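Let me begin by presenting the structure, written as structure tokens, before commenting on it.
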Amino acid sequence: MKKSFTIIAGAALTLAAVSCEKTLDEQEVIDIAPEARVLTKAGGNNWITELPDNAYASQLSIPGTHDAATGDGTTFSLGKTQSLTLQEQWNMGIRVFDLRPGYKKVRKGFFKYVNELHIYHGIVETRTSFKEAVKVLSDNLAANPGEFAIILMRFENDSPLYNKRDVWNSLMSSFLASSDFPSERRIDFRPDLTVGELRGKILVLSRDAYASTPSTGAFVSGWSHSESGTTNAVISGKNASATLQLQDYYSVENKDAKIASIKTYVDLAATAELGVWTINHTSGYTGTVGSDSSIKQNAENNNVALYDYLTDGSRPAGSTGIILLDHAGVRSYGSYDIYGDLLPQAIIDNNFAFPLRLKGE
Numbered sequence: 016m017k018k019s020f021t022i023i024a025g026a027a028l029t030l031a032a033v034s035c036e037k038t039l040d041e042q043e044v045i046d047i048a049p050e051a052r053v054l055t056k057a058g059g060n061n062w063i064t065e066l067p068d069n070a071y072a073s074q075l076s077i078p079g080t081h082d083a084a085t086g087d088g089t090t091f092s093l094g095k096t097q098s099l100t101l102q103e104q105w106n107m108g109i110r111v112f113d114l115r116p117g118y119k120k121v122r123k124g125f126f127k128y129v130n131e132l133h134i135y136h137g138i139v140e141t142r143t144s145f146k147e148a149v150k151v152l153s154d155n156l157a158a159n160p161g162e163f164a165i166i167l168m169r170f171e172n173d174s175p176l177y178n179k180r181d182v183w184n185s186l187m188s189s190f191l192a193s194s195d196f197p198s199e200r201r202i203d204f205r206p207d208l209t210v211g212e213l214r215g216k217i218l219v220l221s222r223d224a225y226a227s228t229p230s231t232g233a234f235v236s237g238w239s240h241s242e243s244g245t246t247n248a249v250i251s252g253k254n255a256s257a258t259l260q261l262q263d264y265y266s267v268e269n270k271d272a273k274i275a276s277i278k279t280y281v282d283l284a285a286t287a288e289l290g291v292w293t294i295n296h297t298s299g300y301t302g303t304v305g306s307d308s309s310i311k312q313n314a315e316n317n318n319v320a321l322y323d324y325l326t327d328g329s330r331p332a333g334s335t336g337i338i339l340l341d342h343a344g345v346r347s348y349g350s351y352d353i354y355g356d357l358l359p360q361a362i363i364d365n366n367f368a369f370p371l372r373l374k375g376e
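Our numbering runs 15 ahead of the 1-based position in the sequence shown.
Okay, here's the thing in structure tokens:
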């Protein structure tokens, strides 16, 4: 979701109402703040571990978080689209993380400053560096080698102080080739990647090309923010590419159109040919300004509608693709029923609701 100064100005009207410091016992729901309830699972929700090695990754149903690192905290609690930390998101079964690394100067000595990759939401700085976010995922994969993670990223360059593309390109190229992104976590993209090939890996899908070819993972081109999305985006790895079906209509002036588009793309995922990938967003905000309340209203509108669609038996049997949402883990905020715990679990459960197509069979 591309941010603007108007979005951040709208977000400044409201501070985030909740910070999350607890994880919960399995299936237990408790209040962590007067207006929010959050569900995570003690010991993690290692649902990928249960899947067969030769299942195609492109046909999985994977819950993800939009602007994932905002749950770890932002400047003055502005611009938050998540309530759980990255670790808590991992614990509840989230496996796709939308991270927006820009860069900033960091002091390394008395008069020495260096540029480092840091995660932003528009011009709002989160409390998390890109290195720290990758380490959270890498450490979890070391402890849970049957799982994998996907990072969906772009250059967050709204800050007028740190918007030089050549600087970002150099920083990202160096980082992805360094020990901060361990070699055992790297994997090149192919349309027919299997679960077994991805276990223990972090698949990086970058919406901005930082080099002529990706150091790891792939580049994504043809991103769309239209009401109807696109079926012609492309994921390009070093040696292979895939068609990407994509919906990211984020400034939602037409609620019904957003819900219809979400349903269209989960249906497209269910009937897609092998090797076609799908990324679908329930995230966004209602109207023209991304304030705290408009993000929550959008989450209520879309998460509830998609949950009902996935569980009422009316859609075609098959994958949902990757679904990114706001406020994962949160059941409700005051009068807003967000379904941020129910929807991710319904997406996960969908992997076990129909026979997966298996490579070699």
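Every residue gets a Cβ at the ideal spot worked out from N, C-alpha and C, and that includes glycine. The structure displayed is predicted, hence computed values, not measured ones.
Suppose the cutoff is 6 Å on Cβ atoms and the five residues either side in sequence are ignored; what does the same chain contact list for residue i look like?
| i | result |
| --- | --- |
| Ala320 | Ile274 |
| Asn365 | Ser76 and Thr335 |
| Leu191 | Ser230 and Thr231 |
| Asp203 | Gly252 and Lys253 |
| Gly355 | His342, Ala343, Gly344 and Val345 |
| Leu357 | Tyr322 |
| Asp263 | His240 and His296 |
| Ser221 | Met168 and Phe234 |
| Pro316 | Note that residue 316 corresponds to Asn in the displayed sequence, not to Pro. The answer, listed in chain order, is Lys270. |
| Trp105 | Asn155 |
Rounding to the nearest angstrom, what Cα-Cα distance links residue i and residue j in this structure?
| i | j | result |
| --- | --- | --- |
| Asp352 | Asn318 | 9 Å |
| Gly328 | Gln260 | 23 Å |
| Gly237 | Thr245 | 8 Å |
| Ala255 | Val249 | 11 Å |
| Gly375 | Gln74 | 15 Å |
| Asn141 | Thr90 | Note that residue 141 corresponds to Thr in the displayed sequence, not to Asn. In a straight line, the C-alpha of Thr141 is about 6 Å away from that of Thr90. |
| Glu212 | Pro197 | 16 Å |
| Asp68 | Asn159 | 15 Å |
| Ser193 | Asp271 | 46 Å |
| Thr301 | Phe126 | 46 Å |
| Glu199 | Asp154 | 12 Å |
| Thr279 | Ile363 | 19 Å |
| Thr21 | Leu114 | Residue placement at Thr21 is poorly supported in this model, since its pLDDT is 40, which falls under 50; the coordinates still yield a value, given next. Rounded to the nearest angstrom, the two C-alpha atoms are 21 Å apart. |
| Lys146 | Ser185 | 15 Å |
| Ala70 | Pro359 | 20 Å |
| Val219 | Phe367 | 25 Å |
| Ala31 | Thr228 | Only weak support is given to the placement of Ala31: the predicted model assigns it a pLDDT of 33, under 50, and the value that follows is read from those uncertain coordinates. Approximately 39 Å between the Cα atoms of the pair. |
| Gly349 | Ser308 | 11 Å |
| Leu208 | Asn247 | 20 Å |
If residue i and residue j are in contact, beta carbons under 8 Å, what's the gap, nearest whole angstrom?
| i | j | result |
| --- | --- | --- |
| Val111 | Gly79 | 3 Å |
| Val139 | Leu93 | 5 Å |
| Ala332 | Ala287 | That belief does not hold up - the Cβ atoms of Ala332 and Ala287 are roughly 13 Å apart, past 8 Å. |
| Asn295 | Val267 | Not a contact, Cβ separation roughly 14 Å. |
| Ala257 | Pro175 | No, Ala257 and Pro175 are not in contact; Cβ-Cβ is about 36 Å, not under 8 Å. |
| Asn61 | Met107 | With 8 Å as the limit, Asn61 and Met107 do not qualify as a contact, their Cβ atoms being about 11 Å apart. |
Which same chain residues, not among the five before or five after residue i, have their C-beta less than 8 Å away from its C-beta?
| i | result |
| --- | --- |
| Val129 | Lys120, Val121 and Lys123 |
| Ser144 | Glu131, Leu132, His133 and Ile134 |
| Asn172 | Gly117, Asn178, Arg180 and Trp183 |
Which first and last residues belong to the beta strand (DSSP E) in which residue i is found?
| i | result |
| --- | --- |
| Thr293 | Trp292 to His296 |
| Tyr264 | Segment: none, Tyr264 is in no beta strand (DSSP E) and carries neither H nor E. |
| Ile250 | Thr245 to Ser251 |
| Lys123 | Careful: Lys123 lies outside any beta strand (DSSP E) and carries neither H nor E. |
| Pro78 | Ser76 to Thr80 |
| Asp327 | Where Asp327 is concerned, there is no enclosing beta strand (DSSP E), given that its DSSP letter is neither H nor E. |
| Phe112 | Val111 to Leu114 |
| Glu140 | Val139 to Ser144 |
| Leu167 | Ala164 to Met168 |
Could you pull the start and end residues of the alpha helix (DSSP H) that residue i belongs to?
| i | result |
| --- | --- |
| Ser188 | Arg180 to Leu191 |
| Leu340 | Not the alpha helix (DSSP H): Leu340 falls in the beta strand (DSSP E), residues Gly336 to Leu340. |
| Ala233 | Counting along the chain, Ala233 falls outside any alpha helix (DSSP H), though it belongs to the beta strand (DSSP E) covering Ala233 to Ser236. |
| Val281 | Lys270 to Thr286 |
| Ile353 | Segment: none, Ile353 is in no alpha helix (DSSP H) and carries neither H nor E. |
| Leu220 | Per DSSP, Leu220 belongs to no alpha helix (DSSP H); it is in the beta strand (DSSP E), Ile217 to Ser221. |
| Asn106 | Leu101 to Asn106 |
| Glu212 | Val210 to Leu213 |
Compute the distance between the beta-carbons of residue i and residue j, then report whether it is under 8 Å.
| i | j | result |
| --- | --- | --- |
| Ser188 | Tyr225 | yes |
| Ser298 | Tyr265 | yes |
| Asp195 | Val151 | no |
| Leu339 | His81 | yes |
| Ala72 | Val235 | no |
| Arg214 | Gly161 | yes |
| Ile337 | Thr96 | no |
| Arg372 | Leu289 | yes |
| Ala83 | Leu66 | no |
| Ser98 | Gly88 | no |
| Arg330 | Val291 | no |
Kindly list the residues whose CB is nearer than 7 Å to the CB of residue i, restricted to its own chain and excluding five residues on each side of it in sequence; keep chain order.
| i | result |
| --- | --- |
| Ala164 | Arg110, Phe112, Leu152, Leu156 and Ile217 |
| Asp223 | Arg169 and Phe170 |
| Ala361 | Tyr322, Leu325 and Thr326 |
| Ser243 | Ser276 |
| Ile63 | Arg110, Gly161, Glu162, Phe163 and Val210 |
| Asn269 | Glu242 |
| Phe369 | Ala332 and Gly333 |
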